[in-house]
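For the sequence shown, my numbering assigns the number 3 to the initial residue and increments by one for each residue that follows. Cβ atoms here follow ideal geometry from the backbone N, Cα and C, with glycine treated the same way.
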Amino acid sequence: MDLIRHLELFEAVASEGHFGRAAERMGMAQPPMSQAIKRLEAELGCVLLERTSSGAVLTPAGARVREAAGRARQAVAEVRAAAADHALAPVRLLVDPALPGAWAAAIVRDAEASGLAVDLEPVPTEGALQRARAADLPAVVLAPFRAEGLRASGAAPALLWEARHEAPRSRTTALVHEKASAAFLARLARELRGLAVGGDLVPMPQATALGRLAAGRVHAVISTEAPVLPEALAGSVRVRSLPIDRASAVFHAVLRRTARDRATVAVHAAAAATLARVHDA
């Protein structure tokens, strides 16, 4: 039997002093209420309520059980609240802002399917690495980076897109990123030169990059998402995906090796598994 539920019904009768009023208060008919109290009395081996023509009166045993029932229900409520707080407390996952939106959504979806709650916080790689080492936070970062003291997932290269102005007035290449690391910029610049994209690679917000592209003030915009261009640019801008084996944004899930919190370690593992899956797909 559900002892807590039966104790709730018993306390309702004790409080109302009447089976009918207690049943109405608990949203049920009187006969099931009476049967529930009889089952509780049988379970506890004592008479809890004396039935009278005017209602119900607590017996001495009933009075003691009522006091204990209140403490028991409170204890159960505290246990459930503690479990709920733990289960619902999200783990913060630091993600580089360049992480493709579909990949970020997949990480959250896969983590939730495994019973994990995740809050994504956009943080550029260098800041994410500092916080991962200082606070045992899992992170998804752009390669290359110094991996000392970190457990890192396998590499997950993401497709890069180029939007190129056909008649630019500048040789600057804009990267849709506000604060990419120097190591990533250097690697990507080398790869882009190999694809004849060239120009000085400068990180900037997406709106700024596209605005300068429209004005011809940058000759190309590089991003991890296919850019959505206004119709006015349809004749002057060409969009293409870059060959992933020649240029890509490579992501890893990282966590400090000494991290021990189970939920944190589980979120790192889930993010690593998702990166492997979306990359292979």
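CB-CB length for residue i against residue j, believed under 8 Å
i	j	result
A182	P102	Actually they are not in contact, since the Cβ atoms of A182 and P102 sit about 15 Å apart, beyond 8 Å.
A169	L215	Their Cβ separation, rounded to whole angstroms, is 12 Å, which puts A169 and L215 out of contact at 8 Å.
R94	D121	5 Å
V42	H8	A quick correction: the sequence has Leu, not Val, at residue 42. With a Cβ gap of about 4 Å, L42 and H8 count as contacting.
T226	A160	5 Å
V1	V256	Lying before the first or after the last residue shown, residue 1 is absent from the chain, which here runs from 3 to 283.
V178	A222	Their Cβ separation, rounded to whole angstroms, is 11 Å, which puts V178 and A222 out of contact at 8 Å.
S155	L277	6 Å
A100	A249	Between A249 and A100 the Cβ distance is about 13 Å, and since that is not below 8 Å, they are no contact.
F147	L162	Not confirmed; about 18 Å, so no contact.
Residue i (DSSP reduced to helix, strand or coil)
i	result
G57	strand
F21	helix
E128	helix
M35	helix
A249	coil
A108	helix
E26	helix
E13	helix
R332	Any property of residue 332 remains undetermined from this structure, which presents the chain solely from 3 to 283.
A228	coil
A255	strand
L101	coil
L122	strand
V199	coil
Extent of the continuous beta strand (DSSP E) run through residue i
i	result
I224	A222 to S225
R192	Note, R192: premise wrong, no beta strand (DSSP E); alpha helix (DSSP H) at A184 to G196.
A154	L152 to A154
V49	First-last for V49: undefined, no H or E at that position.
R94	V93 to V97
T174	No beta strand (DSSP E) holds T174; DSSP gives it neither H nor E.
V143	A141 to L144
R166	W163 to H167
P159	A158 to A160
Buried/exposed call for residue i, threshold 16 Cβ in 10 Å
i	result
E52	exposed
L197	exposed
R73	exposed
D4	exposed
V230	exposed
V78	exposed
P34	exposed
E128	buried
R192	exposed
A91	exposed
Endpoints, the alpha helix (DSSP H) within which residue i is located
i	result
S243	Premise fails: S243 lies in the beta strand (DSSP E), V239 to S243, not in any alpha helix (DSSP H).
R214	Q208 to A216
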